[in-house]
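Q:
Number of protein chains: 2
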Amino acid sequence: MPRAGTRPTSRDVARAAGVSQAAVSLVMGDKWRGRVSEATAERVRDAARTLGYRPNLVARNLRLGRTRTVLLVVPALTTEFFAGVYTGAARVASQHGFGVVLYPSPEGIGPARDPFASAEAALDGVIASSMAAEALTAIRGDQLPLVMLDSDPGASVGAATVNLDIADGIRQVTDHLLGLGHRRFLHLAADVASWTFEVRARELEERLRAVPGTSLRTARAPISIRGAEAAAQAALSVSPDRATAVVCDDDQLAAGVYKAARRLGLRVPDELSVTGIDDLALATAIDPELTTVRLDAELFGERGMGALLAVLEGRDPSADDIPVELIVRGSTGRA
Amino acid sequence: MPRAGTRPTSRDVARAAGVSQAAVSLVMGDKWRGRVSEATAERVRDAARTLGYRPNLVARNLRLGRTRTVLLVVPALTTEFFAGVYTGAARVASQHGFGVVLYPSPEGIGPARDPFASAEAALDGVIASSMAAEALTAIRGDQLPLVMLDSDPGASVGAATVNLDIADGIRQVTDHLLGLGHRRFLHLAADVASWTFEVRARELEERLRAVPGTSLRTARAPISIRGAEAAAQAALSVSPDRATAVVCDDDQLAAGVYKAARRLGLRVPDELSVTGIDDLALATAIDPELTTVRLDAELFGERGMGALLAVLEGRDPSADDIPVELIVRGSTGRA
DNA sequence: CACTGCAAGTTTTACGTATAACTACCGGGT
DNA sequence: ACCCGGTAGTTATACGTAAAACTTGCAGTG
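Here the protein sequences come in this chain order: L and H.
Just so we're aligned, residue 120 is where the first sequence starts under the working numbering, counting upward by one.
Just so we're aligned, residue 120 is where the second sequence starts under the working numbering, counting upward by one.
(1) So, is the C-beta of alanine 400(H) closer than 7 Å to a C-beta in chain L?
(2) Contact between the stretch 297 to 305 of chain L and the stretch 361 to 378 of chain L is defined here as three or more beta-carbon pairs at a separation below 8 Å; is this criterion met?
(3) Determine whether the Cβ of threonine 197(L) lies closer than 7 Å to any Cβ atom of chain H.
(4) With glycine 449(L) as the anchor, note down where its alpha helix (DSSP H) starts and where it stops.
(5) Consult DSSP for leucine 385(L) and reduce its assignment to one of helix, strand or coil.
(6) Helix, strand or coil for threonine 337(H) per DSSP?
(7) Please return the same chain residues whose Cβ sits closer than 7 Å to the Cβ of glycine 229(H), not counting the five positions on each side in sequence.
(8) For the alpha helix (DSSP H) that contains histidine 295(H), what are its first and last residues?
(9) Roughly how many angstroms lie between the CA atoms of glycine 216(L) and arginine 210(L), to the nearest whole one?
(10) Is the beta carbon of glycine 244(L) closer than 7 Å to that of valine 458(L)?
(11) With 16 as the cutoff for other CB atoms within 10 Å, does serine 224(L) come out buried or exposed?
(12) Pull up the distance between the alpha-carbon of alanine 241(H) and that of leucine 263(H), whole angstroms please.
(13) Name, please, each residue of chain L whose Cβ falls closer than 7 Å to the Cβ of alanine 166(H).
(14) Taking a cut of 7 Å between CB atoms, which residues from the stretch 402 to 428 of chain L lie near chain H?
(15) Out of Thr169(L), Pro174(L), Ser139(L), Ala178(L), point me to the one whose CA is closest to threonine 159(L)'s CA.
(16) Which stretch, first to last residue, makes up the beta strand (DSSP E) that contains aspartate 397(H)?
(17) Is the Cβ-Cβ distance between threonine 315(H) and aspartate 269(H) less than 7 Å?
(18) Once you ignore the five residues that flank arginine 154(H) on each side, which residues in its own chain have a CB closer than 6 Å to its CB?
(19) Counting only C-beta atoms, is alanine 178(L) closer than 7 Å to chain H at any point?
(20) For glycine 244(L), does the three-state DSSP call read helix, strand or coil?
(21) Which residues in the same chain have their Cβ closer than 8 Å to the Cβ of arginine 453(H), if we skip the five residues on either side of it in sequence?
(22) On the DSSP bridge assignment, give the partners of glycine 455(L) in chain order.
(23) Over what stretch of residues does the alpha helix (DSSP H) that includes valine 365(H) continue unbroken?
(24) Is DSSP giving valine 138(H) helix, strand or coil here?
(25) Taking DSSP as the reference, what is the three-state secondary structure of threonine 198(H)?
(26) How about leucine 170(L): is its C-beta nearer than 7 Å to some C-beta of chain H?
(27) If you compare alpha carbons, which of Ala373(L), Ile441(L), Ala141(L), Asp398(L) is closest to proline 388(L)?
(28) Counting only Cβ pairs nearer than 7 Å, list the residues of chain L close to valine 220(H).
(29) Reducing DSSP to helix, strand and coil, say where isoleucine 344(H) ends up.
(30) From Val357(H), Leu327(H), Gln371(H), pick the residue whose C-alpha is nearest to that of leucine 383(H); which is it?
(31) Taking the straight line between their C-alpha atoms, what separation do you get for leucine 307(H) and glutamate 417(L)?
(32) Going by DSSP, what residue range makes up the alpha helix (DSSP H) through threonine 159(L)?
(33) Is leucine 181(L) close to chain H? Criterion is C-beta to C-beta, closer than 7 Å.
(34) With distances taken Cα to Cα, identify the nearest neighbour of proline 442(L) among Ser343(L), Arg290(L), Ala380(L).
(35) When you compare the CB positions of alanine 347(L) and alanine 353(L), do they come within less than 7 Å of one another, or not?
(36) Within the 7 Å Cβ cut-off, does isoleucine 515(L) reach chain H?
Below, the structure is given as structure tokens:
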């Protein structure tokens, strides 16, 4: 009889069913065929049911040396993008008997390595987004299998990477705007040191350099509507040669540009074209609706988890970039 | 010498430092004063450092029978609201040596009890938001300490609850709109069976019933901009007695009302006043900026974690509601 | 009849840690 | 000479599980 107030253990079940603890473990672990008779197995299952027994996962994890749990590190949850990444990752994980623990890290993982303070050594692997290099080495010091999302394939030594084809998204945006006759561009860049944003800047520069007669200015803003509003207002206040198209690193920045435009008396899209990246719900909430690059966050998460599973099983994590799609709406028009 | 490829254990450290495993445990656990000499302690710390030893948390948790980890169940991460709740909860938790694991449950916890499949028995407690009743009983069957956020204090038998004073928020909204001369109201309600939304409806009804000459219609929509747009368009198309003020269950719904209004040629706020609840970033992204009830998500999370800690320590979880604040912006005007 | 093989279990051990209980030594008081 | 108390450790055990190694009984085989 288990002591009251305590969860029943396999030994309690064994006692109740009149068998050994090992027999219980075999039955519950579904590895009893040819080891325990059908009748006994049923007796064990009955006892387990009436006692309300469920295996202690901590003990199981200690015994097996694995947890079937992975950590997903994301930089922020202020938009639904990383919620989608989680959803995709969790879906694939559960199909393989894995669980996903979510760690939102406003600053990336710092030297304190917060998530590991409570989860460390209870993880089979890590999927990390936009992570600082120091944190990367900290994790690799643990020999913990690691998949990096949207990270410099060159810098993430040895770790598998899964990337969105952001560069192609920028190409599509640029071609779209050039086709509308725009020549003077403003790049409203996220004020964050992260590979995924560096790609945007690099690709835009290269693309425009190839087209004679174009100009490109850059302004930086923290990823927030207010911050973008201020930066855009300043950048758009130059009187001659004001940009006619603003390419934003994400939709929130674009929303800030709308506010700056309104304040400056510039109509979108007649006097100013604006584009974003992400295709958040926000993109269709603002007026006019935002032309943006749709990123498939769930697919991103699925691929990330898939790559981690591959690493865990010793397979080779495939690494083709995930395609993105330009969604043309009302915020872009002829120059 | 630890086998290559394996994490060093306390026994490896003991061997390297020439002491027993127990001594290592004492030193690492900082409970060695009067048990181990300073010199030996230093030798142990040195050995641990050079071997890169960190305690195996799974083993520690098994030994101690607790994990210092709690689960935060949230219904969705599609807005930054629950990100704030997490941030607050995690801050308080870390001050007490606890970690918080986040489980976004699109449907509430189903019969499958997904999060527990991987975390069950590895948790010291649960903080749950808008959870289905069946899930509540499933958790209580585990005797796991539970705090409910924004749940019916009557229905959550025995569990501690922490609530936002939503009813007061609705009162403030109603008084504001009545003061502007509005008499015909539309309540755009979230199509979700959850106590926090029931409170909104009940309070609005009661408040308006007390004021002669007022009318109240109700429309329901799923919590999304598109859904709200459709529902609002239908509800606002009635030609006589059209509502002059729309009270929305949250900011996303309000954004949908903006779109419906635009489609119907109604100007906000001149011909239609609109209010939300939450004060998301979205509220200031749309034009005009949204009058809404600000909810302090981080404080909500802090209080939730505080209550859970109280339960864990056998103290009484205090239960006063968290105040909310009406933020008047440009979306409300004279009737 | 001795031997083999198999079903149906049981006994034992290991995972890595924390800690209760024990030991050994040494200086000092009586 | 003896005990006492404190210091500085060590030994042993338990947490709950999984699984390897062992035991037992019995039917079939040559």
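From the three backbone atoms N, C-alpha and C, an ideal C-beta is built for every residue, glycine too.
Note that the structure is predicted; figures quoted are calculated from it, not measured.
A: On the basis of the coordinates in this document:
(1) Alanine 400(H) counts as touching chain L.
(2) yes
(3) yes
(4) Segment: none, glycine 449(L) is in no alpha helix (DSSP H) and carries neither H nor E.
(5) coil
(6) strand
(7) With a pLDDT of 41 at glycine 229(H), under the threshold of 50, the modelled position of this residue cannot be trusted, and the question is left open.
(8) Per DSSP, histidine 295(H) is one residue of the alpha helix (DSSP H) stretching across 285 to 298.
(9) 10 Å
(10) Any question about residue 458(L) goes unanswered here, given that chain L covers just 120 to 454.
(11) buried
(12) 11 Å
(13) Those within 7 Å of alanine 166(H) in chain L number zero; the least Cβ separation is about 17 Å.
(14) Thr403, Ala404, Ile405, Asp406
(15) Ser139(L)
(16) 392 to 397
(17) The Cβ atoms of threonine 315(H) and aspartate 269(H) lie closer than 7 Å to each other.
(18) Leu145
(19) yes
(20) strand
(21) Leu299, Gly300
(22) The structure shown does not extend to residue 455(L), since chain L is modelled only from 120 to 454, so the question has no answer here.
(23) No alpha helix (DSSP H) holds valine 365(H); the beta strand (DSSP E) holding it covers 364 to 367.
(24) coil
(25) Annotated three-state conformation of threonine 198(H) is coil, per DSSP.
(26) no
(27) Ala373(L)
(28) Val220
(29) helix
(30) Val357(H)
(31) 30 Å
(32) 157 to 170
(33) Residue contact with chain H for leucine 181(L): present (Cβ-Cβ distance below 7 Å to some residue of chain H).
(34) Between proline 442(L) and the set Ser343(L), Arg290(L), Ala380(L), the nearest pair of CA atoms involves Arg290(L).
(35) No, the Cβ-Cβ distance between alanine 347(L) and alanine 353(L) is not below 7 Å.
(36) No answer is possible for residue 515(L): it lies beyond the span of chain L, which begins at 120 and ends at 454.
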